[in-house]
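Residue numbers (the numbering used here): 6 to 488.
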């Protein structure tokens, strides 16, 4: 999840630009960027963000440019701090927004614009503001209120359709007249500074179930608010109470009306306080107050659960979360720092190898090692880094055969590790041999014109010896057995 920033806590406080694009970040606040007092430009494009917490203003006092890319923020009061950022001496806003708009043929980057307040956008409210579960035969009232506009909206109307569907039916009022439609009465009133539309359903039936949307047309644009209405009748079907369990948590799904999707808060979003969490990763301590991610499960029309979706939820295992962040980190680190960060990863894997019980753990580590092996080219002091990476791979191979097999079947993790080994030896020819309890590596230099083959042997020196040895030799096979 993606709203975590590994290594940011250890970066130099003189960092002026940071690119967090394409990191699947779903929330961001000041504590995650603490210490970056000199940061001038922040790129957060291509992330599922909905808002920016006001604590960023205090954490990033030097910020002047915020590149959103195609990240779509929810326009509400939580962004007021961004609009009202103090001005500099020229009267301009401190923070400029660089927004990338997508068209059907290509994406065009707009020039940096200054954030401005505007009163041309109206405020649309709906009452009640939450989904409604009601009984057949009961009555229901819905209200839609539009305020804060420069000129009255051209039209306010309603539509009813299946939740998330496109086949909605329009329900249009004629000015202030009441229009009965399937027992639905609609009335719209306008007064200075406000337009209100009311729906009254005196007797609910199955046809009134669905997503009710209030749509406001103004200046050629549409704005809408929606809520779902579930009408319960005598032959309504239900999904029974259900418990699901996986690496993203155990969830107890309540008895639910058919054709309804249920959301539960994600597990695993509370702050991390384990002593095993390195101090250099303060951003790993998620603030649950600002995290609104949910797991989702759907009940079909026949009363059967389907489509469990926990994609937005973090892994419940702390070790898995840290490995995920390692794998997602953009390792644009100077060569002199590569050795230190690789040793940090080795220390973590060695201390927590008993916690790697999920095939996804192997995948994240294999992906991280792949990133490191790619960075060896052109880096300095690569021989120690290569040895560290082989130690990590050896630690991984201490996992159970079942976990390694499943991780290979699901993610190709073992193939990735083998590919990384080839990359490491290719990049570091001076690494002629390496040995761990579960991995032995020999690299033999050959001359193509005289190469006759390579033979390796894995052996015990005595019949009762527990320790095994691995030896390879090119051409002269008799040397394999020499003491």
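Yeah, the Cβ is synthetic: ideal placement off N, Cα and C, and Gly gets one too.
- The continuous stretches of alpha helix (DSSP H) do not include residue 152, which lies in the beta strand (DSSP E) extending over residues 145-152.
- Counted as a single uninterrupted DSSP element, the stretch harbouring residue 43 is not any beta strand (DSSP E), since DSSP gives it neither H nor E.
- With a contact defined as Cβ atoms closer than 8 Å, residue 50 and residue 35 miss out at about 20 Å.
- Across the structure, residue 216 and residue 33 are spaced so that their CA atoms are roughly 31 Å apart.
- Contact between residue 375 and residue 421 holds: their C-beta atoms lie close to 6 Å from each other, under 8 Å.
- When DSSP states are grouped into helix, strand and coil, residue 66 belongs to the coil group.
- Rounded to whole angstroms, the separation of the alpha carbons of residue 84 and residue 66 is 17 Å.
- Straight across, the Cα-Cα distance linking residue 437 with residue 415 is about 32 Å.
- At a Cβ-Cβ threshold of 7 Å, residue 373 and residue 439 do not count as neighbours.
- By the CB criterion at 7 Å, residue 78 and residue 145 fall outside the cutoff.
- Two segments are said to touch when three or more pairs of C-beta atoms, one from each, lie closer than 8 Å; by this definition the region 385-400 does not touch the region 264-276.
- Taken atom to atom, the span from the alpha-carbon of residue 368 to that of residue 394 is near 15 Å.
- For residue 475, the enclosing beta strand (DSSP E) covers residues 474-479.
- In the DSSP annotation of this structure, the continuous segment of the alpha helix (DSSP H) that includes residue 429 starts and ends at 418-432.
- The C-beta of residue 149 has 16 or more other C-beta atoms within 10 Å across all chains shown, which makes the residue buried.
- Within its own chain, the residues whose Cβ lies closer than 6 Å to the Cβ of residue 61, once the five positions on either side in sequence are excluded, are 35, listed in chain order.
- Bounds of the beta strand (DSSP E) holding residue 439 are 438-441.
- At the C-beta level, residue 70 and residue 39 stay beyond 7 Å of one another.
- Below 8 Å, enough C-beta pairs join the region 217-232 and the region 154-163 to call them touching: three or more.
- Taking a C-beta distance under 7 Å as the contact criterion, residue 265 and residue 200 do not qualify as a contact pair.
- Burial is judged here by how many other beta carbons sit within 10 angstroms of a residue's own beta carbon; residue 469 has fewer than 16 and is exposed.
- In terms of Cα proximity to residue 244, the closest of 37, 262, 237 is 262.
- CA-to-CA, the gap between residue 370 and residue 434 works out to about 24 Å.
- Residue burial is scored here from C-beta neighbours: residue 227 has fewer than 16 other C-beta atoms within 10 angstroms and is therefore classed as exposed.
- For residue 348, the enclosing alpha helix (DSSP H) begins and ends at 340-357.
- Only residues of its own chain outside the window of five on either side were considered, and among them 195, 200 have a CB closer than 7 Å to the CB of residue 157, listed in chain order.
- Distances from the CA of residue 314 to each of 329, 349, 267, 197 were compared; the closest alpha carbon is that of 267.
- Per DSSP, reduced to three states, the secondary structure at residue 197 is coil, with no helix or strand assignment.
- The alpha carbon of residue 479 has as its nearest neighbour, out of 166, 467, 458, the alpha carbon of 458.
- If you look at residue 378, you'll find it in the alpha helix (DSSP H) that goes 364-380.
- If you draw a straight line from the Cα of residue 198 to the Cα of residue 306, it comes to about 43 Å.
- Residue 132 sits in a strand when the DSSP states are folded into three classes.
- For residue 147 against residue 204, the beta-carbon gap comes to about 4 Å, under 8 Å, which counts as contact.
- Between residue 467 and residue 448, the C-beta gap is not smaller than 7 Å, which leaves the two residues out of contact.
- The beta strand (DSSP E) runs of length 3 or more contained entirely in the region 208-248 are, from start to end of the chain, 215-223, 226-237.
- About 7 Å separates the beta carbon of residue 68 from that of residue 45, a gap short enough to meet the 8 Å contact definition.
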